[in-house]
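Please read the structure below before turning to the comments.
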Amino acid sequence: MQIAVVGHAHASFPPERATLRMRLGVEGSDKQAALEHTTFLVQGFSTVVDQLKDMAPSPITWAAVAPIGTRSWRPWSQDGAVLPTRHSAYCVVQLKFHDFHALARFIDQWGGRSGVTVEAVEWTLTEQRREAEETNVLARAVVQAHARATTMARAAGEQGVRFLELADRGLLNDRPYSEDSMAYGTAMRSVAMDDSEGITIAPEDVELDVTVHARFSTD
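Position in the sequence shown (from 1) plus 2 gives the number in this note's numbering.
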């Protein structure tokens, strides 16, 4: 007799890193003015990043500044008339923190500035920790698949099972599954403003989910 089962394991961990993503930029009727304002914002951001890097210990581990982009378009009024050309300049910047209090202070200082949009905070583990935890969760999923198959076999009057096939989710079928067998969440939880204390950040746990498919024989 053959038995096919699904093994699943889940774990959650407090985040160790937070990557802040912001968009710096403005729009207006003057293309040069929009570009100059955005350049000023980017230069200010770069200066602050250098200051954070020089702190001992530094609260950040990595920073990235994308090239400044520009866009021009002709908007339409509600009655269908073509309005004067509008221009925008923008730059996406990212900053990775291991000190979440420093992250809160940074958002408090920059989030309210004209031309600054806080787009997201991604909560993650360090690369080494994530790989280790993924390995542990994957092993638990395999153990769970074996235990489930053993229970089914004994309920059917058999003594035990042996592995015939073991694969990531969906790979025992003819068509590969469209989703990854290893999923982990890095969601952003709300960043709330408090008038007396500034920004309050509630980090979201990093979620690891693993599903495997297995086929066993009772022979």
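For glycine and all other residues, C-beta sits at the position ideal for the given N, C-alpha and C. A quick note: this is a predicted structure, and the numbers were derived from the prediction, not measured.
Locate the alpha helix (DSSP H) running through residue 96, then write down its first and last residues.
Per DSSP, residue 96 belongs to no alpha helix (DSSP H); it is in the beta strand (DSSP E), 88 to 99.
Would residue 112 be called buried (16 or more neighbouring beta carbons within 10 Å of its own) or exposed?
The residue is buried, with at least 16 neighbouring Cβ atoms inside 10 Å.
For residue 220, collect the residues of the same chain with a Cβ closer than 6 Å to its Cβ; drop the 5 residues on either side in sequence, then sort them by chain order.
So the list reads 3, 155, 160, 163, once near-sequence residues are dropped.
Could you check if residue 206 is buried or exposed, using at least 16 other CB atoms within 10 Å of its CB as the buried criterion?
Classification for residue 206: buried.
In chain order, what residues of the same chain lie with their CB nearer than 7 Å to the CB of residue 13, ignoring the 5 residues before and after it?
Contacts found: 135, 139, 210.
Whose C-alpha, out of 103, 204, 168, 203, is nearest the C-alpha of residue 215?
When each option's Cα is compared against that of residue 215, the closest is 168.
Let me confirm a value: residue 148 is counted as buried when at least 16 other C-beta atoms fall within 10 Å, else exposed. Which label applies?
By the 10 Å Cβ count, residue 148 comes out buried.
I think residue 21 touches residue 128, with their Cβ atoms under 8 Å apart; what is that distance to the nearest whole Å?
12 Å between Cβ atoms; not a contact.
Work out the CA separation of residue 118 and residue 85 for me, nearest whole Å.
Those two C-alpha atoms are separated by around 26 Å.
Evaluate residue 57 with the Cβ neighbour count: other Cβ atoms within 10 Å of its Cβ, from every protein chain shown; 16 or more gives buried, anything less gives exposed.
With fewer than 16 other Cβ atoms within 10 Å, it is exposed.
By DSSP, does residue 3 sit in helix, in strand, or in coil?
Reduced to three states, the DSSP call for residue 3 is coil.
For residue 165, does the count of other Cβ atoms within 10 angstroms reach 16, so buried, or fall short, so exposed?
Flag for residue 165 reads exposed.
Tell me the residue span of the alpha helix (DSSP H) that contains residue 78.
Careful: residue 78 lies outside any alpha helix (DSSP H) and carries neither H nor E.
The alpha helix (DSSP H) with residue 152 in it runs from where to where?
It spans 129 to 157 - the alpha helix (DSSP H) in which residue 152 sits, taken as one unbroken run.
Is the region 53 to 70 close to the region 28 to 35, with three or more CB pairs under 8 Å?
The answer is no - the region 28 to 35 does not touch the region 53 to 70, with fewer than three Cβ pairs under 8 Å.
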